[in-house]
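Protein chains in written order, with the numbering used here: chain A, 58 to 249; chain B, 6 to 578; chain C, 30 to 270.
Ideal placement from N, C-alpha and C gives every residue a C-beta, glycine not left out.
Scroll down for the structure; my scribbles are underneath it.
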């Protein structure tokens, strides 16, 4: 079904294209959601030194590998943007595909990591450290999943040479997901 | 390559008329992406929820005035049911009436029209945001009918009461309530993106920032405030949901959690939230006043910057809701000062309204009466807030009916008076007919006068020490005496009268819609762009080649060298 | 759209690969740093490498991958506002949530939880049970008194004299237990395991012994010894016959 785009979408009184303007505002709201959660976690972590024992059981190496995976996927995402800017839809789609692969790897490693922790008894109710751990990482993982799905749709369009401007938009969102993890990693894994 | 793609889109984006001849009824009215229809959907949902919220108020006020009575249309009210009624009354009125009507309905309807655009920037996300909102309403209403009944832990949902099903006795209802509120937040976040982006980018050619009608600014500033304050609460709500359903201990002191954390997260949002609903109401009032005083707003920029300042300050006052919750007393000092400060910009906006009216050529139409009532009643609400903002006085007043009367004297003007003001003013543009002005005035007086008789007694009761959220005051001998009883009775009877007069409104709406006088394009002779198109506004708002261009500000009334006393924004000269 | 006049990186040739390698190097430092810091016993190394580098990495990604460095200023202000608001929130909340005591108040439950947790951790490293560690590291309030605690916590419902007539208790249904009533103590339901019942209900709340949840669990406030003292105090209301 062809959706008729209103003229409103094409105007740009600020000089910023509307889609990009929208994604910046979305990120502003996500900053306060994650910022709120992480700020709360940080306050508790500082006030509860006894959490160090629980935190010592997080698997730093798995977390580190995931950090590497996300960083690399951010790289492929920005290369996809570069390709889209030059009008190379198929190339952009390929690079978005690598980014999605990165997302899948991230999720698989996380599933493996969580499986091990849950089996060892470190469940979400084990103690408040673990409650925060699963909630924060879980919220982040939800954003990874949502981002990967949307990225899939955009990649399909890009492959057909359509809506190439959206590659940049999903890229910006994806970089944000990466930045959140950049902060989550030291907060959850390193602070022991 | 990209250029061609972009050009193709330019071509496609040239108007809606030709593409929509063969839309089914479902596509046109239920699954529409037209901002005006989506606005109507929010409006009708909001009105429906207002009826439910009003019914709840009726039931619990009957119980309060006549304890133990079998309330007609409900039956006897048990303590648990009483708690569920007051909880859901508050929740519904704020999240399912005030926000959907003032922001989502009028924001959706007005913003594209007033800035000369053919729709919102993201029509499909717009539709999605209504669908999520609609889902949230279903979930909330559903929560009232599950086992245990609706959530009874107050709209503020403090743990441990809200976290522990053994305490609140409404375990399923509590989780559904929380999910409904979270969904509503998501819907408004999405909607807000549309409003902000559309206002920033999609203005008509020639419309500079200071040519935008104030109501559009106010709705967008409100959306920004909402967006920036709701994040921590959304995180906190997920934590509360986990406490309720998974048995985590985020708010459980025995597990190292902290109930005061929830209070902080809630009010960090909760306070900006009241300005989220106040600013659009002020915007509406100011639009109506300019039109019916035939005079430009006294200080457009003043109002705009004051609104921004209010928004900023609103992030610094939240702990005045927690003065006696056990917060550090040094914080109470800080928050008292900021709270008293915030009354200044708001008072200033009221002064601007008075200055706008002064020397104006005033027409007392129904919308104008509502606008004037907003000013008068909100003034009382604001002034009584000063008592509560001072932490010393608040030690006495906290959790008494004084607080309740204060916030009804602010919320009622915002949500009810503001909505009626907007509705009666833009009805011609929405439905193409004029409302009956006589019936409108009868409805007006029948609402505003009884309103005062409901809540002034509650101020008195509050000062006398009557506590909030009590099911039966007979249990408390100190406030069960006849003078107290009479005040409660008076408040309840006034409520019955006010509710009865709402029937006049519904009759007026339906009969005007069906048989009312046809409205022209610009029945009020106003300047803003929505009045330059047909009534009701057609799909696409204007024919594609007639999208307006703007030459001046929105409030150019009463120019001495012009024949007419108004000067529409889109006229070249 | 405005693809053609998208000017955010016109003339600014960004070396994405270079940025990526810089990110990788920073990442390696941020993982290795804390190990070094731990071994050397210098926590500030961890702070600088783990968190400081996180800030640097984030800045690189935000400026160069998201192109915020070349975005219109208004959006930088908006995002900065979001971040500043988070600092504001933490500043306003931390005095109550991060601290466990302040001007005229003390969060006993949190302090208790910290002590318990630290004791358990010490117990693990000793390889012994937790009981010993716990007994030593108990929060010493200014001398525990069961009578004072009863007055602060129980009397509001159960009354200063234990007669179930506290001011908050008046509106409760069922009414709070009346410890001065012989019928209460002689009720067959509590003849067996009387002391245990009283201890359990104080520690775990009403539902633990099959009575109303209006009786809250208070176990977090007391050590085992203190609990025993509370039981003694409650039982002292029992009238002699």
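DSSP state of residue i mapped onto helix, strand, coil
i, result
"residue 253/B", "coil"
"residue 134/C", "strand"
"residue 174/B", "coil"
"residue 389/B", "helix"
"residue 240/C", "coil"
"residue 37/B", "coil"
"residue 443/B", "helix"
"residue 32/C", "With a pLDDT of only 40 at residue 32/C, under the threshold of 50, the placement of this residue in the model should not be trusted, and no figure is reported."
"residue 140/C", "helix"
"residue 472/B", "strand"
"residue 560/B", "coil"
"residue 268/B", "helix"
"residue 405/B", "strand"
"residue 12/B", "With a pLDDT of 38 at residue 12/B, under the threshold of 50, the modelled position of that residue is not reliable, and no figure is offered here."
"residue 305/B", "helix"
"residue 80/B", "strand"
Assigned exposure category for residue i - 16 Cβ within 10 Å defines buried
i, result
"residue 88/B", "buried"
"residue 471/B", "buried"
"residue 559/B", "buried"
"residue 39/B", "buried"
"residue 523/B", "exposed"
"residue 568/B", "exposed"
"residue 450/B", "exposed"
"residue 213/B", "exposed"
"residue 225/C", "exposed"
Closest by C-alpha distance to residue i, when choosing among the options
i, options, result
"residue 113/C", "220/A, 73/A, 86/A and 155/A", "86/A"
"residue 386/B", "326/B, 242/B, 367/B and 413/B", "413/B"
"residue 294/B", "375/B, 341/B and 217/B", "375/B"
"residue 48/C", "243/A, 75/A, 136/A and 170/A", "136/A"
"residue 119/A", "211/A, 60/A, 150/A and 174/A", "174/A"
"residue 234/A", "63/A, 199/A, 113/A and 122/A", "199/A"
"residue 94/B", "66/B, 83/B, 44/B and 551/B", "66/B"
"residue 218/C", "238/C, 104/C, 202/C and 119/C", "238/C"
"residue 134/B", "453/B, 110/B, 265/B and 538/B", "110/B"
"residue 88/C", "240/A, 247/A and 244/A", "240/A"
"residue 98/B", "249/B, 418/B, 341/B and 203/B", "418/B"
"residue 555/B", "576/B, 540/B and 130/B", "576/B"
"residue 130/B", "291/B, 112/B and 192/B", "192/B"
"residue 276/B", "227/B, 300/B and 251/B", "227/B"
Other residues of its chain near residue i: CB distance less than 7 Å, five sequence neighbours each side excluded
i, result
"residue 518/B", "436 and 438"
"residue 303/B", "357, 360 and 361"
"residue 370/B", "297 and 442"
"residue 191/A", "181"
"residue 142/B", "50, 54 and 101"
Contacting residues, own chain, Cβ-Cβ under 6 Å from residue i (five flanking each side not counted)
i, result
"residue 231/A", "134 and 204"
"residue 486/B", "none"
"residue 62/B", "94"
"residue 129/C", "136, 139 and 140"
"residue 79/B", "64"
Residues near residue i by beta carbon distance below 8 Å, same chain, minus five either side
i, result
"residue 245/B", "162, 164, 167, 168, 183, 255, 256 and 267"
"residue 399/B", "325, 328, 329, 392 and 393"
"residue 42/C", "none"
Beta-carbon gap between residue i and residue j smaller than 7 Å
i, j, result
"residue 463/B", "residue 499/B", "no"
"residue 144/B", "residue 195/B", "no"
"residue 71/A", "residue 125/B", "no"
"residue 105/B", "residue 60/B", "no"
"residue 394/B", "residue 346/B", "no"
"residue 312/B", "residue 284/B", "yes"
"residue 211/A", "residue 223/A", "yes"
"residue 281/B", "residue 231/B", "yes"
"residue 188/A", "residue 253/B", "yes"
beta-carbon residue i near the ligand PLP non-hydrogen atom, thresh 6 Å
i, result
"residue 299/B", "This structure lacks the ligand PLP; in fact it carries no ligand of any kind."
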